[in-house]
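Numbering (UniProt numbering), first residue to last: 1 to 339.
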């Protein structure tokens, strides 16, 4: 039986932490900035969705961002013991609140802390126990009785969901899926049950922490992460495996987990391709010629397969920290970098 995997991703988490600390900033354009050398403003680390509408992006400097959004609200990461070091403890504390909610939700769910604002969830045991104890027919009926209540923020990644909002009917798409594929195939129904669980978990996070988040539901980590971003913010997307080819047709290779760096660029350059659909057309023999050690894995990924397990973990394996030193704050010598 296929696994049922979810991903919960906090929307613009650092910005939300600041908005909760300063409630007057809710629903307003906000950026979070880390100090550079000598206390001068550095590049933007986090951008609320309200600010993104104006074209403000991560990495921008404040003057450029203010030109795009004059009403921009600027929050600074607290400084640490040394003026050039950041104190991110309040974001870690806020993250711990979120993971407390996730870990307490149901002991049958395996929770893997992927980052300060991301969690992979293996829902397989909980979903299968629900099917065993309640029955597929009753579960399907409960899902279809009132979609707007049971699956209020769920989208079905069927290839049509990324079209014009005026032409796409979210509830109609879900209703057709539930009435046809979910009624006939347990693999689809299990994903629908998982989608309801993720809806409940996201709502619980909001009730307990005031934070909003998005979700992705699929049969593996790679697909769950991919579709989590599909309808952000404050929404979730479910991707049945049968729809992977149509979704991959327009999915840039760099958008896929583990293919966003040098490997992804190398694949695009070597084969003159751009999407996962293109990559799926590359014969295994060609992959083995140029990417011998990774060919089989790439070949599987291009078809939507990923067997990486969700591992129970409540701490990050590593913490990535970066800082920009623009203009007069630019680092010139090795000694300046070390300092």
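The beta-carbon is built from N, C-alpha and C at its ideal position, and this holds for glycine as well. Computed from a predicted model, the values in this text were never measured in an experiment.
Quiz item: Who are the near neighbours of residue 318 in its chain, counting only those whose CB is closer than 6 Å to its CB and skipping five residues on each side?
Solution: Because the pLDDT of residue 318 is 44, which lies under 50, any placement of that residue in the model is unreliable, and the number read from its coordinates should be weighed accordingly. Cβ within range, chain order: n/a, list empty.
Exercise. Look up residue 22 in the DSSP assignment and say whether it is helix, strand or coil.
Key: coil
Quiz item: For the stretch 208-226 against the stretch 236-244, are there 3 or more C-beta pairs whose distance is under 8 Å?
Solution: yes
Quiz item: Between 198, 247 and 121, which lies nearest to residue 109 when the distance is taken from Cα to Cα?
Solution: 121
Quiz prompt | For residue 62, three-class secondary structure by DSSP | solution = helix
Quiz item: What whole-angstrom Cβ distance do residue 92 and residue 77 have, given they're in contact under 8 Å?
Solution: About 12 Å separates the two Cβ atoms, so there is no contact after all.
Quiz item: In the stretch 197-222, which residue ranges form an unbroken alpha helix (DSSP H) of at least 4 residues, counting only runs that do not cross its ends?
Solution: none
Quiz item: In its own chain, which residues sit with a C-beta less than 7 Å from the C-beta of residue 73, not counting the 5 before and 5 after it?
Solution: 25, 28, 29 and 30
Quiz item: Quick one: Cα of residue 190 to Cα of residue 256, how far?
Solution: 24 Å
Quiz prompt | Segment limits, alpha helix (DSSP H) that includes residue 124 | solution = 124-134
Self-check item: Buried versus exposed, by CB contacts within 10 Å (16 or more), residue 5
Solution: buried
Practice problem: Let me know if residue 34 comes out buried or exposed under the rule of 16 or more other beta-carbons within 10 Å of its beta-carbon. | Solution: buried
Quiz item: For residue 114, does the three-state DSSP call read helix, strand or coil?
Solution: strand
Quiz item: Looking at the unbroken beta strand (DSSP E) that takes in residue 237, where does it start and where does it end?
Solution: 236-238
Quiz item: Where residue 100 and residue 311 are concerned, what is the direct C-alpha to C-alpha distance, given to the nearest angstrom?
Solution: 17 Å
Exercise. Compute the Euclidean distance between the alpha carbons of residue 94 and residue 292, then round it to the nearest angstrom.
Key: 43 Å
Exercise. Within the same chain, show all residues whose beta-carbon is closer than 8 Å to that of residue 136, passing over the 5 residues directly before and after it, in chain order.
Key: 186 and 189
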